[in-house]
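Protein chains in written order, with the working numbering: chain A, 42 to 196; chain B, 981 to 1331; chain C, 30 to 402; chain D, 152 to 315.
We put the beta carbon where it would ideally sit given N, CA and C, even for glycine.
Here the structure is laid out as structure tokens; the discussion comes afterwards.
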């Protein structure tokens, strides 16, 4: 399926919960209402025409006024790919976990939590994954200041 | 030991010494000689292993230490290990931790006592030589288990447990595979066993009859397991258990484990040589070459070293088995086969 | 954890310094005797902040950092990034650049799979194959060194072109190498792959069923080992891979269930031979051209975002780049194949023995820096 | 240090003992098999066929720190790993030496400026004897580093340090 068809399918199914889309050859995406992400994820995973069973990438992007969560999904059956995005407020980013749809989301969400401080509600094991457990701050936020010392070791 | 006693008598004034000194001197001298001999042998085996492994892997191995092909590499290694700090972990069981290397090394050293290097080059020709050998050799496992337990390290513990299970299991087929030879010879004395094989290659037990032929391979495989060599090196499996039971050992104590491993390698090769490859007896049939041309000890060494070479060869070629596969091999393959061999050899002897 | 027998459970810490953890992976094993009830991977011991660096460095300067992510297959890592930026900027490279990139990427794939196979032998206690693999890998590294001066981390693929053209006569020497190397794969098979003990240790161990593989987003040889025929080079061709004739090997389950360690290992071995085929075809078709022709003066992509995926030796490598129109990327997010494959480790390692854990970690062929980035 | 250090005055016997000890120590530096990042691959290549670290007696990679003599810190040291490296170093038996291999472990290398999680040089946590530059150093460089270390070992003495 082409991105246009996927977008049309999503629009038809979810209506105004897909507020915005951009279709180009580079990376076609649709904005999803954060409250509906689990529903949309389950739909793209289960739908017979989409069958997007492979979560390629899940990550955050800090846009200074908001944080976006990006889901790149593709289908191993039909070899098509699509990107979903959610916009979250920067001061308290919270979103439902999609762990129940794609198991790989578990670690990806832990990484997004570690790097951006996005809270994934309902996540089974939301701990830091790359940085040590007692690390402070979220390193990939644009306003992150480097810590001076960590356990007596200068940074 | 007899020859040493004779030698000592040549030294003047030995008869003037107290009687107990006279009694203790020959064994003490032979023990020292044997110890040096075992240490040098083990060091040589280590060097050989590194060179052989290197050449199998398109490398050169030690080249610079001591000059010619790094011949002094093992000496340097040993001196360095002796000089290293001796760490006893704070949480270890100190007495057991310190005793374990000695307990591992002593049996392998003691077992050399009954190894017949030549017609008269044997420390003690016990009439129960083979029995003694198996009794003493199985003591090693106590030391390994002690080391594994006392280190207070989980990897060591795993190594110790694996080793205990493995050595105890493989003792059985190893002992049984020796039985066909003993049935044929009718003696447990090592020298008797060698004498039964004199007169050339056709008299060696490995070629004597099909049962002893198989028994040789069975014994060789079991001996690999007993000395923890690949493919049975699971007690010290580097990629799994770091270094197994000697993970926590450093310096001198580790050197003892190291020496014990390599002297054990030579020991089992020596036993296999004695039991199946004619020990010090000659290779060429007696009807062609009536007189033994090469001295017995040299022949013995050549035979044993070629078996050591095979051990090294296997080590650097084969992957290692898993614990359950190892046990499967022992109890379901080797043991029944060994029993069949004993039965067959017995029937053949009676018939 | 089942509390009924929790008294018998021992926690064994494997790593970060452990000979078979391929670097600094740490596994927390809950063992019941030799059987591992649960294996929990802990990562991050080599988190080098790639994504932070990428945001602070200009586009061409990121290439060396991508090299250092997967140092065993640096050519492939930088290729993915360069292609992503080129896609963002709309640069079309000429045929010579495309073909040289393919040759280099495939040579690098061979080198990487050799390391994978060799260290896998090492994990299972077999030393000699490891050194034989490294011996042949050195010969490939020689080609790279001759071309760009570096053995391991190349910075060879530039945005819009290549650092240098191939040196005089390299094509011929690569063909000579392939003539020498292809029979040696059979040698390796005799030494390791068809060894009875090796098969016993791997063929029914660490099975990843296809549905688990898909759910955990496993890609590359690990996915194909589970019997799913998916290769980005074939299914979403880049660089003109569709012009080449090659097969996508999948796990056959010759000696046990499909998706075992053995299948994953064998897929790599077969892929090595396919890479040889691709290189031969690419060299035969190599057109003349200027490898510097399309290198832009300034790399300043338009505002936008791009997702580009390529097939690197460890699996599917994706770069998600957000550009804000300046000369530095606004955000670079890497889809790391090792990360996804380790995320499922807890599931497919359950009930294995300690020795099997080592076999499984080796068979998924992870590179820790790529995992942690 | 080892068992005998610092117990004797400097004299003829000590000098010849020094020679033997230093010869043994410099001839068999067993490395700890411990790879971190990119440099670990080059370290493996150094041990492999073409370069063959074993020629100098340094090919016996020990998996346990207790039995190793030199620690080759091959790769980037992160903060999470720094604590572990210090512990590994403490677990090694004296005399022990450290080769810092590659820019990352020398001073943070390319990760110097924005590496919030990278330790800027392994010498922040453990003492280093020889620094090998390069990113990654070629195997020849590592061999050179090893030979430099050998030279350093040969200059040691077990004699008590004079007060002056």
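Item	Value
Secondary structure of residue 1111 of chain B, DSSP reduced to three states	helix
Closest residue to residue 1133 of chain B among B:1306, B:996 and B:1224 (Cα-Cα distance)	B:1224
Contact with chain A by residue 27 of chain C, beta-carbon distance below 7 Å	Coverage of chain C is limited to positions 30 through 402, which leaves residue 27 of chain C absent and any answer about it impossible.
C-beta neighbour in chain B for residue 226 of chain C, strict 7 Å	yes
Whole-angstrom distance between residue 1120 of chain B and residue 1085 of chain B, CA atom to CA atom	7 Å
Own chain partners of residue 195 of chain D with C-beta closer than 8 Å, once the 5 adjacent residues on each side are dropped	186
Minimum Cβ-Cβ distance from residue 315 of chain D to chain B less than 7 Å	The predicted model places residue 315 of chain D with a pLDDT of 43, which falls under 50 and marks its position as unreliable; any figure quoted below should be read in that light. No, no contact with chain B.
Reference residue 146 of chain A; option with closest CA among A:131, A:49, A:162 and A:182	A:162
Local conformation of residue 187 of chain C per DSSP, three classes	strand
Straight-line gap, residue 1238 of chain B to residue 214 of chain D (C-alpha atoms, nearest Å)	15 Å
Per DSSP, cross-strand counterpart(s) of residue 125 of chain A	A:71 and A:112
Exposure label - residue 1267 of chain B; buried when at least 16 CB within 10 Å	exposed
7 Å Cβ cutoff met for residue 160 of chain C and residue 1037 of chain B	yes
Proximity test, residue 1199 of chain B beta-carbon vs the ligand ATP heavy atom, cut-off 6 Å	Judged by which ligands are present, the structure shown has none, so any question about the ligand ATP falls away.
Minimum Cβ-Cβ distance from residue 339 of chain C to chain A less than 7 Å	no
Supposed contact pair residue 255 of chain C and residue 238 of chain C - C-beta distance, whole angstroms, cut 8 Å	7 Å
Own chain residues within Cβ distance below 7 Å of residue 145 of chain C, not counting five before or after	297 and 394
Cβ-Cβ distance between residue 392 of chain C and residue 267 of chain C below 7 Å	no
Chain C contact for residue 68 of chain A (CB, 7 Å cutoff)	yes
Closer than 7 Å to chain B by CB, residue 209 of chain D	no
Residue 339 of chain C: first and last residue of the uninterrupted beta strand (DSSP E) it sits in	333–341
Minimum Cβ-Cβ distance from residue 64 of chain A to chain C less than 7 Å	no
Closer than 7 Å to chain A by CB, residue 275 of chain D	yes
Buried versus exposed, by CB contacts within 10 Å (16 or more), residue 30 of chain C	Per-residue confidence for residue 30 of chain C stands at a pLDDT of 39, beneath the threshold of 50, marking its modelled position as unreliable; the derived number appears in the next sentence. Flag for residue 30 of chain C reads exposed.
6 Å Cβ shell around residue 242 of chain D - same chain, five flanking residues per side excluded	216
Own chain partners of residue 45 of chain A with C-beta closer than 7 Å, once the 5 adjacent residues on each side are dropped	64
Buried versus exposed, by CB contacts within 10 Å (16 or more), residue 1008 of chain B	exposed
One or two residues paired with residue 61 of chain C in a DSSP bridge	C:64
Residue 331 of chain C: contacting residues in chain D (beta-carbon distance under 9 Å)	Those do not exist, as residue 331 of chain C stays about 25 Å from chain D at its closest Cβ, beyond 9 Å.
is_contact[residue 80 of chain C, chain A] using C-beta, thresh 7 Å	yes
Close Cβ partners of residue 324 of chain C (< 8 Å) along its chain, the five nearest in sequence each way excluded	187, 188, 189 and 190
Minimum Cβ-Cβ distance from residue 9 of chain C to chain A less than 7 Å	Only positions 30 to 402 of chain C appear in this structure, which leaves residue 9 of chain C out of reach.
Residue 104 of chain A, DSSP secondary structure in three states	coil
Cβ pair count under 8 Å reaching 3, the region 335–347 of chain C against the region 240–254 of chain C	yes
Separation of residue 120 of chain C from residue 99 of chain A, as counted between CA atoms	27 Å
Short Cβ contact (7 Å threshold) for residue 303 of chain C with residue 275 of chain C	yes
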